[in-house]
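What follows is a short report on a single structure.
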Amino acid sequence: MKITDRLSVMIFTCCVILLSVFIPMTSMVTNNDFYTERLADTELYPERGEYSEVYNIGGGSNKCAKLSQEQFDIIIEHITSYLSYMTEDFSLTLDNVLLNGKITNDVSIFGEDAVTHMADVRPLFRQCDILEKVCIVLAVLCLTYMIIRREHIQKTIFSSALAPVLLLVGAATLFVVITAILHQFSDRADYFGTLWEYMHMIFFPFSPDKVNGSLFNDALTSILSLDFFLGVVTELVLYLVIITSLWLIVAFFISKKAKQKTLQN
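All residue numbers for the sequence shown refer to the numbering used here, where the first residue is 18 and numbers rise by one.
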């Protein structure tokens, strides 16, 4: 068996893992209905004719607004348009906002920290979109090679596919454990804050200012709250587990069938 045989399976598996996250994620962040459903799950999205409270309007700790369903729809459309590069400025103002008990016009919904942070984050989604296309090309090439070399690959396809999965599980577990240990020596009261900070260190390894700017209080973090992100992460993990498991099951039976055929011969 050539080293390229094993590498082709491992690269294909890595592509399956990445695509199982990138494809749904890039679809989620630009889908208005996705935000509406997730916000409804967190009980923040109001029924028609009702209002939901959003704190830290414009980054102000003393500013609370009661927003209608129509105003939430405008905010959601603005977020998806910005992440889709359909608009260049994340700043957003709304009229007829019930702010601190008074109807107010020309209200800035997002503060400067939120605007800056979204400007830092938006390119990441474009990079994910590019990486998604690269993974598709690599997956097709590797699959083609695997089909051509199937007689040589079948017996070890499962072990070759399992290796990157175990590496991913190990790396994820190590990251969570290290973060938990470091949290014990940090000044943060909540573990999520520490986890959030170290995740941004991975995304922005050479930009400590962007890491420091990822933790702030704003209408954006009130709307896209911890519960919102936990729902997103849970959904992405489900996609990852289901799709990767299906591939491993296929690889297992291919390998098993090839070994049985060898024994019969």
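In this text, a Cβ means the ideal position worked out from N, Cα and C, and glycines have one as well. Note that the structure is a prediction, hence the values are computed from the model and not measured.
What is the DSSP secondary structure of Ile120, counted as helix, strand or coil?
In the structure shown, Ile120 sits in a strand (DSSP, three-state: E or B).
Nearest to Gly75 by CA position, among His169, Leu265, Thr97 and Gly128, is which residue?
It is Gly128.
Look up Lys80 in the DSSP assignment and say whether it is helix, strand or coil.
Of the three classes helix, strand and coil, the one that applies to Lys80 here is coil, per DSSP.
Based on the DSSP output, what are the partners of Glu105 in its beta bridges?
Per DSSP, Glu105 has no beta-bridge partner at all.
Is it buried or exposed for Tyr102, if we count other Cβ within 10 angstroms and need 16 for buried?
The residue in question, Tyr102, is exposed, as its Cβ has fewer than 16 Cβ neighbours within 10 Å.
Contact check, Phe29 vs Met135, beta carbons under 8 Å:
In this structure, the beta-carbon distance from Phe29 to Met135 does not fall below 8 Å.
If you draw a straight line from the C-alpha of Gly118 to the C-alpha of Ala197, how long is it?
Computed Cα separation, rounded: 41 Å.
Proximity to Ala82 [Cα-Cα], best of Arg55, Ile120, Phe202 and Thr47
Answer by Cα proximity: Ile120.
Sort out for me which residues DSSP pairs Thr110 with in a bridge.
Residue pairing from DSSP places Thr110 in a beta bridge opposite Ser125.
Alpha carbon to alpha carbon, how far is Asp106 from His95?
Distance between the alpha carbons of Asp106 and His95 is about 10 Å.
If you draw a straight line from the C-alpha of Met216 to the C-alpha of Glu168, how long is it?
Computed Cα separation, rounded: 42 Å.
Of the residues Val33, Leu255, Glu214 and Phe269, the one placed nearest Thr173, counting alpha carbons only:
Checking every option, the nearest Cα to that of Thr173 belongs to Phe269.
Can you tell me where the alpha helix (DSSP H) with Val267 in it begins and where it stops?
Annotation for Val267: the continuous alpha helix (DSSP H) segment containing it runs Leu243 to Gln281.
Using C-beta distances below 6 Å, list every residue in its chain close to Ala275, excluding the 5 sequence neighbours before and after it, in chain order.
Annotation for Ala275: Gln171 and Lys172 place their beta carbon closer than 6 Å to its own, counting only its chain and skipping 5 residues before and after.
Where Glu64 sits in the DSSP three-state scheme
If DSSP states are grouped into helix, strand and coil, Glu64 belongs with coil.
Taking the C-alpha atoms as reference points, what is the distance between Leu183 and Glu64?
If you draw a straight line from the Cα of Leu183 to the Cα of Glu64, it comes to about 45 Å.
Kindly indicate which three-state DSSP category Val157 falls into: helix, strand or coil?
The answer is helix: DSSP assigns Val157 an H, G or I state.
According to DSSP, simplified to helix, strand and coil, what is Val71?
Correct three-state label for Val71: strand.
Taking the DSSP output, what are the residues bridged to Leu115?
In the DSSP output, where bridge partners are listed per residue, Leu115 has Lys83 and Ile120.
Using the beta-carbon count (16 or more within 10 Å), is Arg55 buried or exposed?
Here Arg55 is buried, its C-beta having at least 16 other C-beta atoms within 10 Å.
Exposed or buried, Val26, counting other C-beta atoms within 10 Å across all chains shown (16 or more means buried)?
With 16 or more other Cβ atoms within 10 Å, it is buried.
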